[in-house]
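Quick notes on the structure that follows.
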Amino acid sequence: MNPEVGVAAVLTRPGPSGKEILLVQRQHPPQAGYWALPGGHVEFGESIRDAIKREIQEELMVTVSVGALLYIAELIGEHYHFVVLDYAVEVQSGQLRAGSDAAAMGWYGQNNLARLPLAAGMGQFFQHPDIVRFLEWG
656 MNPEVGVAAV LTRPGPSGKE ILLVQRQHPP QAGYWALPGG HVEFGESIRD
706 AIKREIQEEL MVTVSVGALL YIAELIGEHY HFVVLDYAVE VQSGQLRAGS
756 DAAAMGWYGQ NNLARLPLAA GMGQFFQHPD IVRFLEWG
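Quick note: the sequence shown, position 94, residue 749 per the numbering used here, numbers continuous.
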């Protein structure tokens with residue numbers, strides 16, 4: 656079995672104690688109930704950027720522009736192997752709200768992540784020097 660390619664969006668906003676990042680609570684397996692970046696699978700024949708736009712429209716009901724590649728996550732388990740490309744995105748239109756793929760959504764700063772059950776790989780994401788620098792959490 657080959658690895659599956661996925662995409663995730665990094666949306667940020669200014670918060671009271673630094674940047675906040677948007678996370679979604681996954682509604683469906685794998686990792687249902689856990690918090691992660693919004694995103695999903697790249698469909699056959701779909702570009703990476705189009706996949707991000709589609710996934711964010713499905714999960715957050717907004718249209719986004721896709722910016723820079725920030726991080727590449729490789730998630731390997733007994734029954735899965737995902738390569739996930741995390742891109743910076745900006746909302747272009749629409750009102751953010753949880754769509755069919757997200758049980759909930761919320762903005763989180765560095766100080767309130769500890770209370771969330773994070774999906775696999777999110778701990779490494781938040782500790783990576785490039786992400787710490789991007790989020791200005793260093």
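We treat Cβ as the ideally placed atom computed from N, Cα and C, and that holds for glycine.
(message) Quick check: the Cα distance between L715 and F699, rounded to an integer number of angstroms?
(response) 22 Å
(message) Measuring only the C-alpha atoms, how far is L790 from M656?
(response) 35 Å
(request) Report the partner residues of H696 according to the DSSP bridge assignment. (result) G661
(message) If you reduce the DSSP assignment to three classes, tell me which class G749 lands in.
(response) coil
(message) Using a Cβ-Cβ cutoff of less than 6 Å, which residues in the same chain neighbour A687 once the five nearest sequence positions on both sides are dropped?
(response) R681
(message) In whole angstroms, give me the CA-to-CA distance for S720 and K708.
(response) 7 Å
(request) Would you mind sorting E710 into buried or exposed? The rule is 16 or more other CB atoms within 10 Å of its CB. (result) buried
(request) Please state whether DSSP places M656 in a helix, a strand or coil. (result) coil
(request) Measure the Cβ-Cβ separation of V665 and Y763 and say whether it is below 9 Å. (result) no
(message) Given this structure, state the Cα-to-Cα distance separating G695 from L677, to the nearest angstrom.
(response) 15 Å
(request) Compute the distance between the beta-carbons of Y742 and L724, then report whether it is under 9 Å. (result) yes
(message) Using CA atoms only, rank isn't needed, just tell me which of K674, N766 and L692 is closest to M760.
(response) L692
(request) Please report how far the alpha carbon of Q747 lies from the alpha carbon of K674, in whole angstroms. (result) 19 Å
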